[in-house]
Structures are given as structure tokens and as C-alpha cells.
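Protein chains in written order, with my numbering: chain A, 598 to 971; chain B, 598 to 971; chain C, 6 to 417; chain D, 6 to 417. Notes follow once the structure below has been shown.
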Amino acid sequence: MNFDFSDDQKMLKDQARKFLEDKCSYDDVRTVLESDASHHDEVWQGLCDLGFTGAAIPEQYGGVGLGALELCVVAEELGRCAAPVPFSSSIYMAAEALKIGGSETLKQTWLPKLASGEIIGTLAAAEGPAAPSPRNIKTTFANGKLNGRKLPVPDGETASVAIVLANTGGTGEQAVSLVVVDLTQDGVTRSSVETIDPTRGHAEINFDNADASLLGVSGEGWALMKRVEAGAAVLVAFEQVGGTEAALNMAKDYSLDRYAFGRQIGSYQAIKHKLADMYVKLELARSNAYYGAMVLAQEGADLELAAASARISATEAYRFAAQECIQVHGGIGFTWEANPQFHYRRSKLLALSLGSASRWKNRLVSELEKSNVA
Amino acid sequence: MNFDFSDDQKMLKDQARKFLEDKCSYDDVRTVLESDASHHDEVWQGLCDLGFTGAAIPEQYGGVGLGALELCVVAEELGRCAAPVPFSSSIYMAAEALKIGGSETLKQTWLPKLASGEIIGTLAAAEGPAAPSPRNIKTTFANGKLNGRKLPVPDGETASVAIVLANTGGTGEQAVSLVVVDLTQDGVTRSSVETIDPTRGHAEINFDNADASLLGVSGEGWALMKRVEAGAAVLVAFEQVGGTEAALNMAKDYSLDRYAFGRQIGSYQAIKHKLADMYVKLELARSNAYYGAMVLAQEGADLELAAASARISATEAYRFAAQECIQVHGGIGFTWEANPQFHYRRSKLLALSLGSASRWKNRLVSELEKSNVA
Amino acid sequence: MDFNDTPEEAKFRSEVREWLSANARQRDTSNAKAGVSTKSEAERLVRAKEWQAKKAEAGYAAITWPTEYGGLGGTSIQSVIYSQEEANYDVPRGFFEIGLGMCIPTMMKWATPEQNERFVKPALFGEEVWCQLFSEPAAGSDVAGLRTKCERDGDDWIINGQKVWTSGAHFCDYGIIVTRSDPTVPKHKGLTFFFLDMKTPGIEIRPIKQISGGSGFNEVFFNDVRVPDSQRLGDVGEGWKVSLTTLMNERLAIGGGSGVDYEELLKLARETELEEGPAIKDSNVREKLADWYVQSQGLKYTKFRTLTALSKGQVPGAESSIGKIVSGPKMQDLGSFAMDIQGQGGILQDGDESPMGAAFQNQWLGAAGYRIAGGTDEILRNIVSEQVLGLPQDIRVDKNVPFNELASSGKK
Amino acid sequence: MDFNDTPEEAKFRSEVREWLSANARQRDTSNAKAGVSTKSEAERLVRAKEWQAKKAEAGYAAITWPTEYGGLGGTSIQSVIYSQEEANYDVPRGFFEIGLGMCIPTMMKWATPEQNERFVKPALFGEEVWCQLFSEPAAGSDVAGLRTKCERDGDDWIINGQKVWTSGAHFCDYGIIVTRSDPTVPKHKGLTFFFLDMKTPGIEIRPIKQISGGSGFNEVFFNDVRVPDSQRLGDVGEGWKVSLTTLMNERLAIGGGSGVDYEELLKLARETELEEGPAIKDSNVREKLADWYVQSQGLKYTKFRTLTALSKGQVPGAESSIGKIVSGPKMQDLGSFAMDIQGQGGILQDGDESPMGAAFQNQWLGAAGYRIAGGTDEILRNIVSEQVLGLPQDIRVDKNVPFNELASSGKK
């Protein structure tokens, strides 16, 4: 039984943690919150320089050639400090989509730049406040041209390339495809949009006869996107696990420091049991995330099931910990000057970034039905 | 604003309470639990003698001619002591169904005997462990003859008359009708079945060409049953409110009496907050039940919505209070000799007696959709 | 059992209606929840003062106060009836609740007749606005743990320290404050209470920005603020007793939860697509809708039970204590769930793009504070369990220990 | 990262497999959860003793014990591997866990070499069965609040009082017991510990019937039970210290939750009709299924993390403490929800009529006890918050007060 990360992977994790502790304190995150910046450029450059962006990209495409497990340990540390960087959109989404579905040409074109951090990538699926599905995608791709509107697109203002979910005219699930678009061309206009987590930039992007090219096979975009989402779900779960642990620790530290009625508030059962519940959810989430990581690294057949489990568990843990971290802080907890807000905002951002928990629960049970486990 | 029961109704309630405190202690309930009896005959006879069974039955059919509000106050007291009597099946279900849908002949035949308690009535819908619906009712009624199997039927062993949901050959919701069956005839065989609450008798009933007659119009049984269920939901909600208050008080008393680590356990926040939550649920349930009672008494148009609200709220309150009453008691709480089990069992029985909370939530939202409230 | 007024109530209600229709403009109910004023706070304050003067003139500004103080000598149910009717009109709100609900009642009980002569009517007529200065950075749920100190200096007291969460401090004329006069005795015994002019030199007011971006509250700093002994309320060291007068009125002054509720969620569910189809067809959405509907109705009819008690001249039962325990988490969960329905787009907090002007997103952010302000979920459960159910207080280690020997942050 | 054995582990596993296949019958996995023995307890005990002897002979009965006591001197992971493999075989279980897991380890630490010489091997070989006598009616979560008293009488002690929740007392040969020797000192300081012969005159054993109808536990009454001082473990007044040896082993001895889980719920949902159609198509059912699946998997992989630590020779982290907190409420809620799916028929508790032999109904009833036995949900959260997160203990009013002056029921 060897259900743990290797010593090398733990060293990588320590390296990420030390860098982020040094360069990405809550004060650093706050500078993004309080400015119009889409992300924290110095932190982002540092992560690129340390090779984290290229960690799971093969050496032939300019990466370090490590695997999913290495991305997982980095993700946990990014989540711990609510890092205001485009890591998830550029790496978990764009680079992974290209790795899985891209032609050799597409890989050669984009992966080296994504690996080095020279450019940022993203994936654009949503078209406003409703769940995207093959039934309702209005953005179209035909004759090499992309038309439509995507909103919200993570890091959409700063990204140079986007994978876009577009209608290509088939029926049912075959109605949609993924296409690759250079965002720096004329047919693309974009503007920043307000979200509940201003520490991560999001944009509205309009495509007006923009040049684009298919990623993978036409009409197989939905299946491909689900595969990309499954991998991203595992990686985001590690961010959520890191965030959960940070929120738990912040709440615990405060409960030991704060006195009411002559006692540390951490001595009251209402607080103690709340923190115990955070811990329980954290441990379940961590265990499910580990399994997701193992299956992702081994490209196991039950990735969909393992990813859904990791995501559902981690979303619930982070929701509860971030929300109740504010509650443990009392009045100071909901002030702008205090730090619990970072995790409250980020927890909800991550909970929705790949679609809601309900969506994933449905996906999970569909897998259970297939697996005929009963 | 006069959102309360009248002084007369409160006097009736006191009368019920005093009788039951005297005759229907937990020890009395236990005699039914530990015997094969279907109910507690002495308590039942007492309730009949005091006129409670006939309270809401018109004088012309041998009742007292009061209304739904009077039944509600009695129901709360029956629920408080988890009374082991066939009140709900005979009165909320059978008598009410006859009042609402019965022909003059049917009313003349059955209501006086139900009012006096000379006989017991019931309603038989379920056909085993699944939700009955017009799609799946297998019991048939044709040419005056009833065939099929009903399970579990409350008080099915001792009842003399049953309202039975049967397939009469229509399509969709029109597939089913309600019929009235004399259970003392040859074509009826019945046997007691084990349930989670042995303080209330349930039976399997088989109909083999039993004589029966339509209640109301053929093909309108589903609508009629839903109307009967709505009224019963309000009345059962009062039983649930009474049970919730009893479980809360039992838990509270124990928490004041029991010491751990030199303190009353009721001084620990884990217990205090649990009891506070019970109280909050109880008050919500009581308020929703009051509104249900008012609408039922006024035969208001939004009975379905009010009844669903009362039922959902009261089911949740009783579930939580009964379950956590055991938890507050610790070890002694799950012994046979202790009393918390009565409410644990009864809370689940009542939660399922008219179909699950999910079923009623669906009904509630269907009403909201109709009412176009948004 | 009905919702009807008694004949007396009906009469009072029609008088109120008549007066309101003659003096105010009816609210545009077609756009109920979106009706947020776009005017500046200063402009709204001017309007509010005018309206308050009009109300006071008519006797409706303090219906239950004795006539000698400018009240109507009326009943609690009359007060409720007035509020119900006023809610249908487009009138300014939100400036006088704390002053008239908490500060002036405290004055009426503890100030001299001359002081009340001077201060009650100007407050009632909206000429002077009052605030309450109790909470401190280290004294939230545990109000009596406050550290702002007062020291005697001749006929005056000198106040130093910091208060926090003071609503409206920046536009208030007067305030009531509780301070520590003696840190060497147990904490409830060393407090002294004053009222003061908010323009007194040495008072500095800074707004507190909340995570929602709004800032209805302030920090108030006291640097050698001089207050005459004549403005002391109650004896030296008896400030806690005076505070209790104020706090007993607090729960009446804090309203129930508002914001988006099941109606808006139902509307959203009808208009929004999940991956599998319309959200309103999804049984999980339906369960949640039903749960929140039932909670809302439960709270509504609980209020009706309270009103019934008032209508009968009784004191309402403890059932009124449950409102905030239910509505705080409900606001948060409902907002969060509505965002879930919107999928990835649920993160948008954009008045144009997000359904209902981002009302769900705003509520989700704001509810994190609503569960804390005016009593945390946890403190409210303590209150219910102790004051309603009669369970014992938690062990108190701070009752008989001199305040300056108590454990506290940085001093354990 | 993988689930594979190390080469050493694989070697040990294959040895175990070989031995098991030679000595036991494989379990019929086609009917896994329904495999409840129909034999009487006495018959099962005879079988269990035979199997225990066989296991002990092979060294597998106490893998981690030193060889001098009949163990294998093996590692914890070997012990786990043996259990994993044994779980595939149809062998008797449930008689020796407490004796070998808690009682004998206490003996090994505190009894004389001669006593261990006399008692350890017979226990290991299943010849003598042991029980643990700690809990009392007034001392549940607060074990040290026990009242059973012992009084010195020459070379003996006389024990009077009552113990409760004693598993297997009726078939045990020996027991360990903690008693109060001095009620005039604080409660942890006046305890004295013994082992005793369960056939000693004055001991009366009565089964406790649970609400589920079963009765695996007993009350044990002590009326002037005479125990020689030579059977005392630890010093007079040091009984709490000895108890801690036993209690530290308790959590290892208590297994995780079993019973019906998401697989059975999935099966039920596929086979059962709701009013609107098949339960498995209902998104609320799907949400619940997913939640419980995720919890089950989370616990499973948490165990794998623990095993990984054991495999590396490390001490497992605190993550193992969460099992019962999660599985207790899950058992109860899942049982309850499965009954809901069955509609009114969900009340049936009938082996023939109810799906899966009424397993959901039985679990719902039993779970009410599972959430209490071996540490309530609330005590387990205390343990996690104090021992894992390092939060302060609750205020203890009972630490420095003589036991007979403590507040208790009927004496406040």
C-alpha cells in the first residue's frame, strides 16, 4: 500500500509552498482584489520561472515532462494561498485540452508558450448565467470562422489563446465541438466583467468571424470537454483542499487568540465542533482527491467517477470551511480589511468554475449506473 | 389579527390532554408495543366516549358537529403521547373521505358508526414498498367486485370498513377510483404485518371478489384521494407537532437531570444548541400547522399548498426532535426500557403514512407553479 | 381563527391609511425589491428628517410612547398596524430606528426630567439623530468585556478607547456610550454609562468597509474626549444596569431578514436551463424551493402568532426569537444555491448580466455578515436555549474576577 | 502512488492466503451482506474457540504481540493484511476482540509475570474469554464518574455497584474492572483497578434489550463480590492510570460502520417506483446517492492513507478518528432516506416484504445506537477538536473537587 505522494513530489510541494509563502501572502492577493489587475504578475512569473507551468507538459513541447501528480501538489499550494494567477485556465484547461485533443501542429504551436508562461491560455464554455450544454450553445463555428459571445471567460482579458466550445451543427451531443482561437486577432473583442472573486480576472469575449481551428474531431467536443473537465476537476480539488486547510487553520488560530467571557472562543463547543466538522470534511476531501490524482496519473478507466468524487467532496469541504471561517471570526470576519473573504470568494468561484456540485453529482451517478456496481 | 385557537378549542385541548395524561402514559403505550394488540382499547374507548371521534362529523350523521380546528387540537394531544389508537385512519382518513366524497347512503351507513367508535375505518392505498400512483395500482375494481392486495393498511386488522384505491380502467390520473369496502365479508382476508412502529397496528389485506361500491365518481379517485390526504396532512401535522414538543421536553428534562464531568449535560453547547434547533423547528412547524388548520377549517382554495407546508415542516421537526432526543439520552436512549423509542418510531411512521416528504415537496412546488407567485 | 382586525384595530388602520394617503406616495409594487434609492445618503437624510417631523406631528412616530413624550399612548399592535401600512408607501427609512428604539428609551428611564425635556422631542421630530456606542474590537458577543475607559477629572470624565460597528455614527448628533470606570473589579461591576455630543472634540469616525463593499458601520475613536458628569446615566459602576435597558430594546429594533427569497428562486428556476433541462423540472431544485418556502411561511405565520398575542394585549411568547436563526443561514444558502443554478455564469456579479441585477450574488456576500451582526447564529442559540428553554448558562469564568486579571488575547 | 503491496507485504499476504485456504472455507460472496449465522450464540462460541485455537497455533491470533506471549512479533500492516484476507473467509468473529484488544494488553502492562503466564495464552487460544467492566448508568461519556465501590477487607476487596454496556459478560470467564476506592478525593484520584473471575459469587448479569430488539450488551450487578488484593492492577487510587491503557486500545478495537450503503441504495433506487417514475431518475435521489458514495469512498481512501503510514512503519495520523463521525449519521440518514423511497410501505419491517430483508429499516433503528456506543457524535467531535486540532478542553469543574461533593443527578 503506497497511497501517498513520493518524496520527490513532496519536495516539489515544499518548493511551491515556500515560494508562495514568500511572494503570495494575503496582502499580495489583496493588491489584485483592490486593483483592476487580472492577476498578480510577479507571482505568475515566479511560478513560470520555477517550471510549475510546464511541469506536466512533455519535454518535446517545452515542458518538464513530469505528470499529473506533480501538478496536484502545486495545485494544493496555489489553493492554500488563494493565488491570484491564471494557472488553472492556462494549464489545467488550455494546456491539458491541447495535450489530450490537439493535433501535432496545435501542440507544437501552443504548448511551448503555455509551458514557459510566455502566453496565457483559457477555455471558454459558458454563455452567461446558465449551464452550457450541447442543446444551448449559441456560439457557432463554421468554415473556419467563429461567431458568438462567451461569458464569463477566466483570464479572458489576458489570455492569448482560448479553447472554445462551439456549435458545429450536429445533433444531440454531437452538436458541439472544441476549437482553438488566437485571441489576439481582430475578430476578437473582450472586456473585463465583475465577479464575486475579483482576485481572478474574468472577461466577456465576442467573436466576430474570428479565425479558429478544430481541436480534435468535429462533433466530439462535448466528450472531449468532459474529459478535460474531469482532469481539471481533480486539479481544482487539490486547490480546494489547500484552501480548505488554510481556512480551517485561519479559523483555528483566531479561535485560540480571541477571548469572550474570559475564555478562548475555541474552548466553546459551538466553535470546537464546527472546526471538527471542517476537519472531517477536509480529510474526506483529501482522500478523495488523492484517489482522483492516482487515477488521473494512471489514466485509469474510472477517471470520470474518481474526478466527480474528488470535486464533490472538495467543493463541500471548501464551501463549509470558508463560510464558517468568517462565522468564527465574528464581526471582523466580514470586513474588507480581514482575510477570510479571500477564501469565501474563492470557494464559490471554484465551486462554479466547472459547473455546480449538482451537475457533478449527476455525472457521478451516471457513472455508477454504468459500472453496474450493485 | 386572531391567528390562534379559540378558548373553547383550548378547553377541548385541555380535556384531551388531561384524559391522555391519565390514561395514556408511556407505560400504557408500552403495553401495545410489547403485545400483539393492534391498539390500546381502553384509551380508544375513552376517546370515543369523550366524543373526540365524532367531533368533526355533522350531527345528522351522529357526530358532534364541530370542525377541523377541534380535530387539530385533539390531534396535537394524541401526537404528544404517541397514542396507540386508530384515530387517524378511522377519522382523518375514512370519515373525512366519506364526508368529502360519499353519497348520502354511504354517509348514513358508515359515518354514525365511525363517529361513535362502534367501528374502525381505514384507507388502503399502498401495495408494498413503493409509492402508489395511478400508473402502478394493481388492485382492480370492476362490476362491483374488488380484487387485489393492499399493504400496509393502518389498523387493517381491526377496521370494519376501508376506503380502497383501485384501478378502474381509465388512463392517466383517471385510471383509479376510491371504493368503499366492508372488511367483514368473506372475500376479505387479512393478516398483521411487522412495522417499525408496533404501537400502531398494520395489516396486509387481500381482496378476492369482495363487494365494494364507488366513493364519488369513477376515475376521479386520485383527485379525491389527494384532497383527503391534504386534510389528513394538516391533522397529522398537529400530531407531529405534539410529538415534537414531547420529544423536545423529554430531551430537555433529561439534559437537566443528567450530569457529566460535574455539570448538567444541558449546560454544554452541543446539547443546548441541539435543543435550540429542535425548538426552532417546532415553532416553524407549529406556525405552518396553524395556517393549515385555518385553511382546512375555511375550506380555502390553497389547501393543497397549506397542507403540504404543514406536513413538510412538521415531518422535519419531528424527525429531528425524535432522533436527537435519543442522542441526548446517550446509552439509555436506545434501550428498550427507555421511552425515547416511542417518538423515534412514531416520527418515521407519520413521516411515511401519507408518503414521503419528497412527495409533498413536489406537490408543494406544483402548486407554487400554478399560483404564479413569481 | 382568522387574520382579521378587531373592530378597534380596523378603525385605527383606516385612520392610518387615510393619513398616509394624504401625506405620502404609494410604493410602486410592480418593482418592489428593486426599489433602491439612488439618492446620496445626505439627501436621503434630509428627506427622512422631513418625513419624521410629519409623522411626529401626527403622533405616529412613537405610537407606544406616553403622550407627555410626544407619543400616542397606543398599543403595540397599533404600532405594528402603522408599520404594515407605512410599508406600502414610498417613505424614507433607516435613520431613526436606533435612536428612537434604543437610545431615547434609555434616556427616558435614566436621564433627568430636564434632559428628557431637552432631548426627547428633537429626536422624535427627526431634528437630532442618535447612535449607540457599545461594541468594541475585543468585545463583540461579550459586550461587557469592553475596554474603553473613562476617568474622572473634576466635574468631567475623560474617555479614551475605541468603539466599533456603530451604525450611522457619521451623521449622528448624539450617542449613548458605556465605558469602563474601574478595571480592578469584576467586569460587569466597573462600567459607567453616558450620553454625549458626537461633535465633541477628540471623537474620530471612520467607516468600516464590509466584504460586500458597503459600509453602513463605523469605527469610532475616542482620544481624551471630555464629557460632563451631568451626562452620566445611572451611578458610577452601574453602567451595565443601564446597558440592559438599551439591550432589552435591541431585539425589537432589529428587523427580520429581507432580500431575495423563494419567489425569486422560483422565477430563476423557471427561466434558467440546467444541463438536463429547465431548472424548475429538477427535483433537487424543487426540494430546495419547497424547503425555503416552508421556512419563509413558517416565519411569516410565527409573526402572525406574535401579532395575535399583541392584539390580545398579551406579551408575545418566545417564538419571536427564532427569526434570525432561520433567516440568516437561509439567505446564505438560498443565494448560494441560486448561483449554482446559474452554472459557471453564477460567479458574475454584474447588474446587467446576472439575473435580477445580481441579487443572489449580493445576498450571498451580505449574508455572511447578517449571520453575525446583531447576535451570531451561535449566540442566538444560546439565548433560545437559556431564555426560552431554561437550560443552564455555560460555565462563566469571568464573573468574579477583576476585569484586569481576566484572560484575554495577548494576556493568557 | 499505487495500492500495491511492498515485496515483503506481498510475501506475507501469500503466506496468509495459503494458510487460510488450507484451514478455512471461502465466503460466499454472491450473498455477502445477507450472510448472518442462524446458529445459536453458544454454538457460534464453540466454533469461534476452535478457530481461535487454530489461528493462535499458526501465530495469526496476535500478530503484533511479542513472541514470548504467543504473538508473531509482526507489524501493524501485517495485522491489517491478515484481517483483509481473513475477511474473505467464512470464519467466526466477535468473541475475542475486547479480550485480546483491550483486556489482555492491560494485563500485559500491569499484571505480574506469573499472572500473565497464567492468563495470556488461554485468552489467545480462545480457551478463556474476557470482558471489560467500565461504563456505569451514571458514567457514560464521563467514565471516571463511576460509582461502583470497592472496600478493603483484609487481603481482599469487596465490590458493590453496577456496570452497564458490558459486551459478552454472559459468556465471559474473566473481566477487568475499575472501581472507586476513595470518594473523598477528586474523581480521577480515587479509583482502583482489578481483574476478576466472572463466576465469582455476587455477580449477576442481565441482558440489555435495545430498541432494535437485539441485546449484545449486559448490565452487571456486584453484590459483595470478593476479589483478592493480588488481582489488583496498579496501585490503590491509581486505577485511572490503568484504565487509560485499556481506553487507548479501545478505538483500535471498534470497527468502522458496516451495513447497507450506497450500493444497496442504488439497487433500491433502480428497482423502486416513485410517484413520478423510477427513483433512480429522480435528481434528488441522485444527489443523495452521490453524497453518500463520496463519503464512503472518502472513508475508504482515508483508511488507505492510514495503511500507507503503517506500511511505511509510521504511526497513522489523526485522519483515522473521523470514521465514526461520518458513518454514524450516514447509516441513520441513508436508512431513513431509503425508507422514504419506499413510500408508505417503507414502514414495513418484514424480512419478506421489505427490500433486502428490511435491511434499511433495521439499519435506521440500529444507527440510533451506533451514534452513541463507543463515543457519541458529540464526544468524538470533542476528541477531534482537542486531540487533533489542539483546541482547549471545555472548562472542567470536576477536576479538583472531592468526588462525593460533585454535583450529580439528585444532588445539585
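The C-beta atom is built at its ideal place from N, Cα and C for all residues, glycine as well. Computed from a predicted model, the values in this text were never measured in an experiment.
Would D:Leu249 be called buried (16 or more neighbouring beta carbons within 10 Å of its own) or exposed?
The Cβ neighbour count for D:Leu249, taken over all protein chains shown within 10 Å, is under 16; the residue is labelled exposed.
Closer than 8 Å, Cβ to any Cβ of chain D: which residues of the stretch 847-866 of chain B, in chain order?
Asp854, Arg855, Tyr856, Ala857, Phe858, Gly859, Arg860, Gln861, Tyr865
Using 8 Å as the threshold, is the C-beta distance between B:Ala613 and B:Val671 below it?
Taking C-beta atoms as the reference points, B:Ala613 and B:Val671 count as a pair closer than 8 Å.
What are the start and end residues of the alpha helix (DSSP H) that includes C:Phe342?
328-346
Would you mind working out which of D:Gln354, D:Gln398, D:Val134 sits nearest D:Gly99, comparing C-alpha positions?
Distances from the alpha-carbon of D:Gly99 to those of D:Gln354, D:Gln398, D:Val134 put D:Val134 closest.
How many angstroms separate the CA atom of D:Glu391 from the CA atom of A:Gln866?
11 Å
With the cut-off set at 8 Å, would you say A:Gly889 and A:Val838 are in Cβ contact?
no
Of the residues D:Arg237, D:Phe365, D:Gly159, D:Pro191, which one's Cα is nearest the Cα of D:Ile182?
D:Arg237
Restricting to Cα atoms, I'd like to know which of B:Gln924, B:His637, B:Asn806 is closest to B:Leu582.
Absent from the structure is residue 582 of chain B, since the part of chain B shown begins at 598 and ends at 971.
Inter-residue Cα distance where the pair is D:Val247 and D:Gly380
19 Å
List the residues of chain B that D:Asn409 touches, going by C-beta distances under 9 Å, in chain order.
Going along chain B, no residue has its Cβ under 9 Å from D:Asn409, so there is no contact; the nearest lies around 12 Å.
With which residues is B:Ser789 paired in a DSSP beta bridge?
Per DSSP, B:Ala800.
Is the beta carbon of A:Lys747 less than 8 Å from the beta carbon of A:Ile793?
It is not a contact, given that the beta carbons lie outside the stated cut-off.
The beta strand (DSSP E) spanning C:Thr171 covers which residue range?
161-172
First and last residue of the alpha helix (DSSP H) that includes D:Phe139?
Here D:Phe139 belongs to no alpha helix (DSSP H), and DSSP marks it neither H nor E.
Residues of chain B with a CB under 9 Å from the CB of C:Ile213: which are they?
The contacting residues do not exist; C:Ile213 stays about 29 Å from chain B at best.
Name the two residues that bound the continuous alpha helix (DSSP H) containing C:Tyr179.
Where C:Tyr179 is concerned, there is no enclosing alpha helix (DSSP H), although the beta strand (DSSP E) it sits in stretches over 179-185.
If you count every other CB in all the chains shown that lies within 10 Å of the CB of B:Asn740, and 16 or more means buried, which is it?
exposed
Please list, in chain order, all residues of the same chain as C:Lys154 whose beta carbon is under 8 Å from its beta carbon, the five residues on each side excluded.
Ile164, Asn165, Gly166, Thr184, Arg185, Ser186, Pro188
For chain F, check one thing: does any of its Cβ atoms lie closer than 8 Å to the Cβ of A:His870?
Looking at the structure shown, chain F is missing, and the protein chains on hand are A, B, C and D.
At which residue ranges does the stretch 62-113 of chain D contain complete beta strand (DSSP E) runs of 3 or more residues, listed in the order of the chain?
none
Does the contact criterion of 3 or more C-beta pairs under 8 Å hold for the stretch 331-338 of chain D versus the stretch 369-377 of chain D?
The way I'd put it, the stretch 331-338 of chain D does touch the stretch 369-377 of chain D; three or more beta-carbon pairs between them come closer than 8 Å.
With a cut-off of 8 Å, do at least 3 Cβ pairs link the stretch 80-99 of chain C to the stretch 109-129 of chain C?
no
Contacts that D:Thr153 makes with chain B (C-beta to C-beta distance below 9 Å):
Those do not exist, as D:Thr153 stays about 16 Å from chain B at its closest Cβ, beyond 9 Å.
Does the Cβ-Cβ distance between A:Leu872 and D:Leu394 come in under 8 Å?
yes
Taking only beta-carbon positions, decide if C:Thr313 is within less than 8 Å of chain B.
yes
Comparing the C-beta of B:Lys958 with each C-beta of chain C, is any distance below 8 Å?
yes
Measuring only the C-alpha atoms, how far is A:Thr972 from A:Gly813?
With chain A running from 598 to 971 in the structure shown, residue 972 of chain A is simply not present.
Test item: CB-CB of B:Val962 and C:Arg275 under 8 Å:
Against a cut-off of 8 Å, the Cβ pair of C:Arg275 and B:Val962 comes out as no contact.
For B:Pro751, the first and last residue of its enclosing beta strand (DSSP E):
742-751
Work out the CA separation of A:Asp752 and A:Ala829 for me, nearest whole Å.
16 Å
With 16 other CB atoms within 10 Å as the buried threshold, where does B:Pro731 fall?
buried
Between D:Tyr306 and the rest of its own chain, which residues show a CB-CB distance below 8 Å, the 5 nearest in sequence each way excluded?
For D:Tyr306, where only same-chain residues beyond five positions count, there are no Cβ hits under 8 Å.
Report the rounded CA-to-CA distance for D:Gln319 versus A:Asp605, giving the unit in angstroms.
If you take the alpha carbons of D:Gln319 and A:Asp605, they lie about 19 Å apart.
Can you find a C-beta in chain C that's less than 8 Å from the C-beta of B:Leu881?
yes
Local Cβ density within 10 Å of A:Phe649, reported as buried at 16 or more and exposed below that:
Counting other Cβ atoms within 10 Å of its Cβ, A:Phe649 reaches 16 or more and is therefore classed as buried.
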